[in-house]
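Step one of this worksheet: look at the structure below.
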Amino acid sequence: MALLSASGVNVVYQPSRGQRISAVRDVDLSLEQGEFVGLVGESGCGKSTLGFALTRMLRPPARLERGQIIFDGVDVSSLDGEELRRRRRNGFALVLQSGMNALNPVRTVGRHFGDILKAHAEPGEKHSAAAVRERGTELLGKVHLDPDVLSRFPHELSGGMRQRVSIALALSLEPQLIVFDEPTTALDVIVQGAVMQTIKELQREHKFTALLISHDLGVVLESTDRVLVMYAGRIVEDQPSRDLLTGPHHPYTEALLSCYGDPRADEVQLGEIPGSPPDLSLSEPGCPFTPRCPLAEEVCHTVDPPLTILGRGRAACHVRAPLVSVESGAAHVR
Amino acid sequence: MRYVLRKVALFVLTVWAAVTLNFALPRLMPGSPVDAALSKLAATGQQITNAQRKAIEIQLGAPHGSLLGQYWDYLKNIAQLKFGRSYSFPTETVAHTIGKALPWTLVLVGATTIFAFIVGTVLGVYAGWRRGTRADSSVTIGATFFAGVPPFWLGLLLLYALAYKLNWFAIKGGYTPGLTPNLSLSFLSDAAQHSVLPALTLAITTLSGWVFGMRNNMINVLGEDYITFAEANGLRTRTIALLYTARNALLPNVTSFGLSLGAVVGGSVLVESVFSYPGLGNLLYIAVTNHDFPLMQALLLVICLSMLVAIFIVDLLYARLDPRVLR
């Protein structure tokens, strides 16, 4: 059974005054135990919003409009308050995009560990200063930091160290799922590589399920088992990472891949995707990628393609993954 | 430690600058106390003779000798708290007059400033944490209403309603005339009774500032990533509200609180004069209206120095509250 399965997830941003934006539209996905899954897409495609929805971190004006999220056999989409808070131990954790600012500037790293351990202490469980220190040292060791970081304030650490500390803090919950929301975006390339390396090691060692949200397809392909591609609030492709690079199904994925040059090629040619993503405050019929799609057909303008099984993955495309038409009884096979 | 030394050095330097400015400013102003006294005399229709001018110069202690010599004398006098005699209270030295008024202001304005800060901060934390709810709107609308009320007008209103019409409180003064200030229980309760209306006026009109400041800081801090991360880590709501949000939202307000504590000694000129309260604010009002230069100069020095001391203390305290400044 999947560790997490989400079905029909819809998230809207509804400010008290202003336009309603549906940022995540009818998303179905499942994450298997111990799987490392990537979620890629352009800025504003709803990938972070989806990550926040799965970890129940949406805050007004965003809200989960429809959909069910089953985590470890429990419907967490309806959990609230203390029940939800308790679920965060041995449950789902979140590492933020700007991990740099994820630490309280007036508390030492050690106190951050103490706060989490105390918040989730079972009755009778000890959380003395020495116990916090011991656990903190152990967790910092896992992210390759010295124990003396415990007595430091966030501003005394470098960006990469801060992101490591926030990963260690997330680990202290012993989560079954960690959602990494652009964990390395704010870091320079070298530190980025080192932090990603640590994340991969930890995932292999602790066997937690990881969802890596990133706009960097390169980083995602390098570390994940499976990739979900998001466009305009929908998942348009879902494939094993090793297949995606050589055989993308969705024209959007194809276009994304062409935006990366092969560093070994003699002459690098970078593609670009003409046009811009659709306005998510509108709800227009048809495939959202149609205006930018080189393969668009008649049907693409009117019918929203469902995510259909194709090869070892899924894709939402009338051209590449055509549905069997009921009327004609014939499939458009290419 | 280096931070403390730096702050001490800065403090000494600013105190010296303030004291020197206090010396220089009156000397840069056109006219002199002697001219002012003579023009008062002339206004009564008297002939002004050179002898009269001489007499007044001696009476007021008009400066003679070089500027540097004057400056040296001035520093010596300040070190000994010798500020001369005021024109308004000719029987007392200025130091004595100020010393008598100081406790009244310290207790009245000091206590109400601390009270308003604490209550305003608590209300602001509450409104900010519950932002967008009915509780938040009630607090914010209430604070907006009181922010718009001028203190002297509220003072007059309270005087009219509670003192004049209902006779619950005394109309004016810090204590019943005829009593001699002392620390006996009966005198203190008399003084407390007299201080209710001015304290109420000050507290109500300064409360709103703390409420708004704290509410806005709370809302800013609630948008920080470390609050989101704390929630994702399942910290207790109380920990997030107090140790992560309110604690950090308080920082900018500590500075403003220090400044208002420093301003306490200046008293509240309007409110103290409405209630004829025997504090420094009222004294400053008297000094200005009477062209009482010695009293004015000493008061300005005291106000300035207490502000500097308050800033110095806040600087030291801030380093304990926010480790980032120690960099």
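Residue numbers (my numbering), protein chains in the order written: chain A, -14 to 319; chain B, 3 to 329. Glycine included, every Cβ here is placed at the ideal spot set by N, Cα and C.
F21 of chain A: first and last residue of the uninterrupted beta strand (DSSP E) it sits in: 21 to 25
Residue-chain proximity (S136 of chain A, chain B), Cβ-Cβ < 8 angstroms: no
In this structure, how does DSSP classify L162 of chain A when only helix, strand and coil are distinguished? strand
Once you ignore the five residues that flank E17 of chain A on each side, which residues in its own chain have a CB closer than 8 angstroms to its CB? A(-13), L(-12), T194
If you draw a straight line from the C-alpha of L187 of chain B to the C-alpha of I116 of chain B, how long is it? If I take the Cα positions, the gap works out to 23 angstroms.
Which word fits A78 of chain A, buried or exposed, when buried means at least 16 other C-beta atoms lie within 10 angstroms of its C-beta? Buried, because 16 or more other Cβ atoms sit within 10 Å of the Cβ of A78 of chain A.
Same chain, Cβ closer than 8 angstroms to S34 of chain B, neighbours up to 5 away in sequence not counted: If we look at S34 of chain B and ignore the five residues flanking it on each side, its Cβ neighbours are A64.
Could you tell me the distance, in whole angstroms, from the CA atom of R29 of chain B to the CA atom of I143 of chain B? 49 angstroms
Where do the ends of the beta strand (DSSP E) carrying L265 of chain A lie? It is not in any beta strand (DSSP E) - L265 of chain A carries neither H nor E in the DSSP assignment.
Distance check for L297 of chain B and A81 of chain B, CA to CA, integer angstroms please. 17 angstroms
Identify, in the order they occur along the chain, each residue of the same chain with its Cβ nearer than 7 angstroms to the Cβ of S(-8) of chain A, setting aside the five sequence neighbours on each side. D13, G52, Q53
So, using beta-carbon positions, are P200 of chain B and L272 of chain B closer together than 8 angstroms? no
Beta-carbon proximity check, G121 of chain A vs L135 of chain A, cutoff 8 angstroms: Result yes, Cβ atoms of G121 of chain A and L135 of chain A sit closer than 8 angstroms.
Would you mind reading off the limits of the alpha helix (DSSP H) that contains Y287 of chain B? 282 to 291
With respect to the beta strand (DSSP E) encompassing P225 of chain A, which residues constitute its N-terminal and C-terminal limits? From DSSP, the beta strand (DSSP E) with P225 of chain A extends over 219 to 225.
At a Cβ cut of 9 angstroms, what residues of the segment 311 to 326 of chain B count as close to chain A, listed as they run along the chain? L323, D324, P325, R326
What does the alpha-carbon distance come out to for the pair G145 of chain A and T16 of chain B? 41 angstroms
For A44 of chain B, which residues in the same chain have their Cβ closer than 8 angstroms to its Cβ, ignoring the five residues on either side in sequence? I50
Can you tell me which residues form a DSSP beta bridge with Y(-2) of chain A? According to DSSP, Y(-2) of chain A bridges with A:I6, A:A47.
Comparing alpha-carbon positions, which option in A:L158, A:P108, A:D60, A:G19 lies nearest R73 of chain A? Looking at the Cα atoms, A:L158 is the closest of the given residues.
Three-state secondary structure (DSSP) at G63 of chain B? coil
Where do the ends of the beta strand (DSSP E) carrying I198 of chain A lie? Unbroken beta strand (DSSP E) run through I198 of chain A: 194 to 199.
Span separating the alpha-carbon of H317 of chain A from that of V284 of chain A: Here H317 of chain A scores only 43 on pLDDT, less than 50, and its place in the model is too uncertain to base an answer on.
Do T207 of chain B and V151 of chain B have their C-beta atoms closer together than 8 angstroms? yes
Measuring CB to CB, does A104 of chain A end up less than 8 angstroms from L245 of chain B? no
I101 of chain A versus chain B: which residues are under 8 angstroms apart at the beta carbon? N235, G236, L237
Taking 8 angstroms as the cut-off, does the segment 165 to 174 of chain A touch the segment 182 to 202 of chain A (at least 3 CB pairs, one atom from each stretch)? yes
Helix, strand or coil for S(-10) of chain A per DSSP? strand
Residues in its own chain within less than 6 angstroms of T114 of chain B by CB, not counting five upstream and five downstream? A201, L204, A205
Kindly examine the ligand GDP and report whether one of its heavy atoms sits closer than 7 angstroms to the Cβ of H140 of chain A. Of ligands this structure carries none, so the ligand GDP is not represented either.
From what residue to what residue does the alpha helix (DSSP H) around Y320 of chain B run? 295 to 323
Hey, how far is the Cα of L261 of chain B from the Cα of A118 of chain B? 14 angstroms
Quick one: is A300 of chain A buried, meaning 16 or more other Cβ sit within 10 Å of its Cβ, or exposed? buried
Chain-ordered neighbours of L79 of chain A on chain B, where CB pairs are closer than 7 angstroms: A234
Interface flag, V9 of chain A vs chain B, CB-CB below 8 angstroms: no
Classification of T135 of chain B by the beta-carbon crowding that lies within 10 angstroms, buried from 16 upward: exposed
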